[in-house]
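Each remark here refers to the structure printed beneath this line.
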Amino acid sequence: MDILSSISNGVLTLEFNRPERKNAITSAMYQSMADAINAAEQDTSVRALLICGKPEIFTAGNDLEDFMKSARPDDGAGIESRSVYQFMMALANCSKPVVAAVAGAAVGIGTTLLLHCDLVYAADNAKFSVPFVQLGLCPEYGSSLLLTQLAGYPRAAEKLMLGEAFLAQEALDMGLVSKILPAAELRAFAEAQAAKLVALPASSLRVTKQLMKAARKAPVADAIAAENVHFGAMLVAPEAREAFMAFFQKRKPDFSQFA
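In the working numbering, the protein residues as written are 16 to 274.
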């Protein structure tokens with residue numbers, strides 16, 4: 016199973032389990048996570064969620080081969096049927112507290128999904144990146160809004176425009192993560208934090224989360240919708256085709272031919 020899903024002591028744990036491909040996420044994996052989160056939303060025995068990867072890798076982001084198979088020219092219409100969008104909405108709208116434990120690389124949506132979690136903890140070997148522009152694309156999952164609000168425009172611009180990786184300490188300084196731990200201690204700490212949430216009044220946690228996110232709910236939805244329109248168009252544009260071809264050919268892309 017590329018996504019390990021289990022419920023224990025009131026916690027739904029979703030674990031990326033495709034280390035041979037650096038936990039790159041396929042459509043099937045997105046669907047599996049979306050289904051599990053939606054089911055947990057209706058299951059009163061689940062009081063918290065935990066998202067994690069392996070000690071050496073969180074996720075390399077989208078599996079580009081799988082991702083390109085589903086790419087098609089449109090203006091964002093119909094994206095609601097795609098598994099990646101269903102996962103995005105399931106996590107963004109989850110009313111229960113979500114804990115994330117990040118070790119190793121968190122690329123693309125591996126970083127942007129953290130913006131929709133509640134408690135995010137990083138191992139000292141964590142490395143984050145949002146290389147959408149490098150792939151001829153644009154930010155996704157509301158990150159153009161949320162990362163700017165979180166880190167401020169100058170730092171968000173540096174991350175989203177250059178797409179360069181940044182380490183756990185900078186993620187902590189930006190407010191993307193709450194705490195840095197040794198990699199060997201990360202999973203146990205995150206599980207302990209989830210257990211604390213389970214022991215608290217579920218209704219109080221739901222209302223607290225709802226109140227904290229209320230002011231940004233509509234703007235985030237608008238940002239995701241706008242990003243989807245541009246992302247869908249850019250995915251089939253020449254710049255993205257050059258970026259993906261260069262990736263598969265293991266060479267540096269040449270964007271000088273494009274205006």
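Glycine residues also receive a C-beta, built at the ideal position from the N, C-alpha and C atoms.
Closest by CA to Ile-6, which one among Ala-274, Leu-19 and Pro-34?
What is shown of the chain runs 16 to 274, which leaves residue 6 out entirely.
For Asn-145, name the three-state secondary structure that DSSP assigns.
Note on residue identity: the sequence assigns Val, not Asn, to residue 145. Val-145: coil per DSSP, three-state reduction.
Would you mind working out which of Gly-167, Cys-153, Ala-183 and Gly-157 sits nearest Met-176, comparing C-alpha positions?
Cys-153
Considering only their Cβ atoms, is the gap separating Val-192 from Ala-137 smaller than 8 Å?
yes
For Leu-160, tell me which candidate among Ser-110, Ala-238 and Ala-105 has the shortest Cα-Cα distance.
Ala-238
Can you name, in chain order, every residue of its own chain whose Cβ lies under 7 Å from the Cβ of Met-48, other than the five neighbours on each side?
Ile-18, Leu-29 and Phe-102
Meets three-Cβ-pair contact criterion under 8 Å: the stretch 24 to 41 and the stretch 52 to 70:
These segments touch.
Are there 16 or more other CB atoms within 10 angstroms of the CB of Gln-264, so buried, or fewer, so exposed?
exposed
At a threshold of 7 Å, does Ser-20 count as lining the ligand PLP (C-beta to nearest heavy atom)?
The ligand content of the structure shown is nil, which means the ligand PLP is not present either.
Residues of its chain near Gln-225, where Cβ-Cβ distance is below 8 Å and the 5 sequence neighbours each way are ignored
Here Gln-225 has Ser-110 as same chain residues with Cβ atoms under 8 Å from its own Cβ, once five neighbours each way along the sequence are excluded.
Return the bridge partner residues of Phe-181 from the DSSP annotation.
Phe-143
Can you round the beta-carbon distance between Ile-52 and Gly-76 to whole angstroms, since I take them to be within the 8 Å contact cut?
The pair is not a contact, with the Cβ atoms about 19 Å apart (cut-off 8 Å).
Using 8 Å for Cβ pairs, my map puts Val-145 next to Thr-126. What's the rounded Cβ distance?
5 Å
Indicate the three-state DSSP secondary structure (helix, strand or coil) for Phe-31 in the structure shown.
strand
Distance between Leu-201 and Asn-24 (C-alpha atoms, nearest Å):
Rounded to the nearest angstrom, the two C-alpha atoms are 19 Å apart.
Output needed for Asp-287: all residues of its chain with C-beta closer than 7 Å, excluding positions within five of it in sequence on either side, in chain order.
Lying outside 16 to 274, the shown extent of the chain, residue 287 is not represented and no answer is given.
With distances taken from CA atoms, which of Ile-124, Arg-266, Tyr-100 and Ser-271 is nearest Pro-253?
For the residues Ile-124, Arg-266, Tyr-100 and Ser-271, the minimum Cα distance to Pro-253 belongs to Ser-271.
Take Ala-198 as the anchor and find which of Phe-73, Ala-241, Asn-32 and Ala-172 has the nearest alpha-carbon.
Phe-73
What is the DSSP secondary structure of Thr-59, reduced to helix, strand or coil?
coil
Label Val-222 either buried or exposed according to how many other C-beta atoms from any shown protein chain fall within 10 Å of its C-beta, with 16 as the threshold for buried.
Looking at its Cβ environment, which holds fewer than 16 other Cβ atoms inside 10 Å, Val-222 is exposed.
Terminal residues of the beta strand (DSSP E) in which Ile-72 lies
72 to 74
If I'm right that Leu-187 touches Pro-112 with Cβ under 8 Å, what's the distance once you round it to whole angstroms?
About 20 Å separates the two Cβ atoms, so there is no contact after all.
According to the neighbour-count rule (16 or more other Cβ atoms, all chains shown, within 10 Å of its Cβ), is Ala-92 buried or exposed?
Caution is warranted here: a pLDDT of 46 is assigned to Ala-92, below 50, making its placement in the model unreliable, and no coordinate value can be reported.
Boundaries of the alpha helix (DSSP H) in which Ala-240 is found, first to last residue:
217 to 250
What first and last residue would you give for the alpha helix (DSSP H) that runs through Ala-171?
In the DSSP assignment, Ala-171 falls within the unbroken alpha helix (DSSP H) covering 168 to 172.
Determine the DSSP secondary structure at Pro-88, reduced to helix, strand or coil.
Unreliable placement is indicated for Pro-88, whose pLDDT of 49 sits below 50; the coordinate value is still reported in the next sentence. Correct three-state label for Pro-88: coil.
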